[in-house]
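Please read the structure below before turning to the comments.
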Amino acid sequence: ETGVTQTPRHLVMGMTNKKSLKCEQHLGHNAMYWYKQSAKKPLELMFVYSLEERVENNSVPSRFSPECPNSSHLFLHLHTLQPEDSALYLCASSQGLDINNEQFFGPGTRLTVL
Amino acid sequence: LAKTTQPISMDSYEGQEVNITCSHNNIATNDYITWYQQFPSQGPRFIIQGYKTKVTNEVASLFIPADRKSSTLSLPRVSLSDTAVYYCLVGPSYGGATNKLIFGTGTLLAVQP
Numbered sequence: 002e003t004g005v006t007q008t009p010r011h012l013v014m015g016m017t018n019k020k021s022l023k024c025e026q027h028l029g030h031n032a033m034y035w036y037k038q039s040a041k042k043p044l045e046l047m048f049v050y051s052l053e054e055r056v057e058n059n060s061v062p063s064r065f066s067p068e069c070p071n072s073s074h075l076f077l078h079l080h081t082l083q084p085e086d087s088a089l090y091l092c093a094s095s096q097g098l099d100i101n102n103e104q105f106f107g108p109g110t111r112l113t114v115l
Numbered sequence: 011l012a013k014t015t016q017p018i019s020m021d022s023y024e025g026q027e028v029n030i031t032c033s034h035n036n037i038a039t040n041d042y043i044t045w046y047q048q049f050p051s052q053g054p055r056f057i058i059q060g061y062k063t064k065v066t067n068e069v070a071s072l073f074i075p076a077d078r079k080s081s082t083l084s085l086p087r088v089s090l091s092d093t094a095v096y097y098c099l100v101g102p103s104y105g106g107a108t109n110k111l112i113f114g115t116g117t118l119l120a121v122q123p
């Protein structure tokens, strides 16, 4: 247990569906992240939030929409995804943005887009 | 961020010491070296971080030579449960910088009985 939880753990959706991934951290951290890990590819940073403000958006398609209502919760809203978006989506949190701050990862959501 | 190069895979046996070396030839003065471990279908987990010389914790040791152009993660007496992908990351630590962890392909360590 890392103190970061993600739901659901597995999700299968069609290309026309709308779904949301949820992440919650119980560590009192003020920075949260979304990563994507496709098969046989390195982890890709998608979004970074600090104190509920988005500080990084790595050219992610608009069909992925993040939301950070407070420092403990992070959502990733999914809409009209493509099969190539099937991947493991990982959430992480850290005390601050400095690289010295260890990132704590959740278990991930395994997403399959049909 | 400094580019890193590490072996794609390594094999070992239970009880052996495993050393995984990472090259980062263009490391900058304010860059730190961080290692993460990832088990299948799980998120990465921080192992150790260092700037120079040697760092040791309850899990591993990190050796960094004087020129800092490489680093070696040392895992003492590995067990089957140490089978995982190990990532070496290099990045700056200064106020205001976004903590952008750039993960490479990592090293898949396979521990045999």
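In the order they appear, the protein sequences are chains Z and S.
So that you can map any letter, position 39 of the first sequence is 40 in this note's numbering, and since no number is skipped, the others follow by simple counting.
So that you can map any letter, position 99 of the second sequence is 109 in this note's numbering, and since no number is skipped, the others follow by simple counting.
C-beta atoms are modelled at their ideal positions from N, C-alpha and C, and glycine is treated no differently.
In this text the structure is predicted, and so the values were computed from the model without any measurement.
Around residue 122/S, the same chain offers 23 as residues with beta carbons nearer than 6 Å, after the five sequence neighbours per side are excluded.
At a cut-off of 9 Å between beta-carbon atoms, residue 19/S makes no contact with chain Z.
In the pairwise beta carbon analysis, the region 85-104 of chain Z is classified as not touching the region 79-86 of chain S: fewer than three pairs are separated by under 8 Å.
When only Cα atoms are considered, residue 60/Z and residue 17/Z end up about 22 Å apart.
For residue 114/Z, no Cβ of chain S is located within less than 9 Å of the residue's own Cβ. In the three-state scheme derived from DSSP, where H, G and I count as helix and E and B as strand, residue 112/Z is classed as strand. Residue state for residue 103/Z is assigned as coil, using DSSP reduced to three classes.
The beta carbons of residue 101/Z and residue 42/S sit closer together than 9 Å. Exclusion of the five residues before and after residue 11/Z leaves 111 as the residues of its chain whose Cβ lies within less than 6 Å of its Cβ.
For the region 69-100 of chain Z, the set of positions with a beta-carbon nearer than 9 Å to some beta-carbon of chain S reads 89, 91, 92, 93, 95, 97, 98, 99, 100 in chain order.
Residue 60/S sits buried, since 16 or more C-beta atoms from the chains shown fall within 10 Å of its C-beta. When DSSP states are grouped into helix, strand and coil, residue 57/Z belongs to the strand group.
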